[in-house]
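Residue numbers (this note's numbering): 337 to 782.
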Ligand SMILES: [Zn+2]
């Protein structure tokens, strides 16, 4: 089946790389099924763990007759990648592997992913389709301030930008002064990095008297690789005047460019001709219909190096029911504010750091820099939230600072139902990051 041989009916001109986003739904489903059947056959033949698990269930590749039959297949998880470290899950011989990427594990060895050239092209297509969706074009200057190397952020956006014809500036992360200088001198119009690193760039700029609106040509920020809330997005846009786009991806599936949001912001469009999404109930593991929230699962329909069948991401979201006004036929998922792994249990209450972020940023004087510290005490766990507020707050009298503290407390208390200690701190007093930021310090015994 030729992927690009169809017409699409939209009023606005569409960038050529975006064409698959508008494929008629019946054709998309037929393509997905065709690719799934080929993938299952390949994994059954080449990946011992998959064959063993399918045999245990009495499932054979020919049992996949419709897309719904995907539920017959076993899941894969991060622990499988660890157990089969480094490349026991590869479905291609080393002669066909073009590049390894690794993702740092919290403990012990990293997880390792083996990509063929085909996989790198699919990955590049994902980032190109994202950038095109954001409105980025060949006359844009793209600064890639994600780390380059084993981490997929840098190389992923780099290839996407080059593929789209942008002028790419591969600064990688770090050396913030030089980043700001080059951003200014080369007239950078788009930057890709973690939202927390962009906050740091804003900070360092402010210290040097740089006003992003006045002194920079920056229009687009492409942010991902760590959870960030809608409130954080609004704060960033407010501080700099740029449009903050969301990009989603994970090393196990390819890297950034699995999904991104269009200007209508109805959610993140998933490039589901390559990355087939399911939502499952994390307890029963049963598939849930579109519109219901659960755990996001991906099958890499076109991957050849180390394909993933029904990979459990641990991310909680839901798939759209309605078509996005942009005309794309590929489904969207809700922005991922909360990862199930990030959930904290405090005094028996489930708390997501994203809820705290949303509460904090609802108070105008609060800056987007905070830390959540959990410490054990003899009787009860203690939760302290340190948050930066504007310098002006500290020049005011003590009484108004105390009033502000009370307002921040109420905002947090209203959303999470707990009574943490709120400590207001001066600007630049909390740690900044060059990559993924760690905002939660959980010092309790596990
Ligand atoms: Zn859309």
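Backbone N, C-alpha and C define an ideal beta-carbon position, used for all residues, glycine too.
query	result
Whole-angstrom distance between residue 609 and residue 340, CA atom to CA atom	In this prediction, residue 340 has a pLDDT of 43, which is less than 50 and means its spatial position is unreliable; what the coordinates show is noted afterwards. Their backbone Cα atoms lie some 12 Å apart in a straight line.
As assigned by DSSP and simplified to three states, the class of residue 579	strand
Within 7 Å, strictly: CB atoms of residue 731 and residue 565	no
Classification of residue 571 by the beta-carbon crowding that lies within 10 angstroms, buried from 16 upward	buried
Any non-hydrogen atom of ligand 1 within 6 Å of residue 520 CB	no
Any beta strand (DSSP E) of 3 or more consecutive residues that is wholly inside the segment 411-499	433-439, 447-452, 477-480
Rounded straight-line distance, which links the Cα of residue 521 to that of residue 460	28 Å
Burial state of residue 463, where buried means 16 or more other Cβ atoms lie within 10 Å	buried
N- and C-terminal bounds of the beta strand (DSSP E) containing residue 509	Counting along the chain, residue 509 falls outside any beta strand (DSSP E), and DSSP gives it neither H nor E.
Residues bridged to residue 680 [DSSP beta-bridge criterion]	687
Spatially closest choice to residue 577 from 739, 554, 523, 749, by CA coordinates	554
Residue 598 Cβ short of 6 Å to ligand 1 heavy atom set	yes
Alpha-carbon to alpha-carbon, residue 448 and residue 438	4 Å
Residue of 391, 696, 500, 671 minimising C-alpha distance to residue 747	696
For residue 529, the residue or residues it bridges with in DSSP	559
Euclidean distance between Cα positions of residue 774 and residue 530	12 Å
Proximity of residue 687 and residue 752 at Cβ, strictly below 7 Å	yes
Host alpha helix (DSSP H) of residue 380 (start-end)	361-382
Whether residue 598 touches residue 469 by CB criterion (7 Å)	yes
Residue environment, residue 517, which counts as buried when at least 16 other CB atoms sit within 10 Å	exposed
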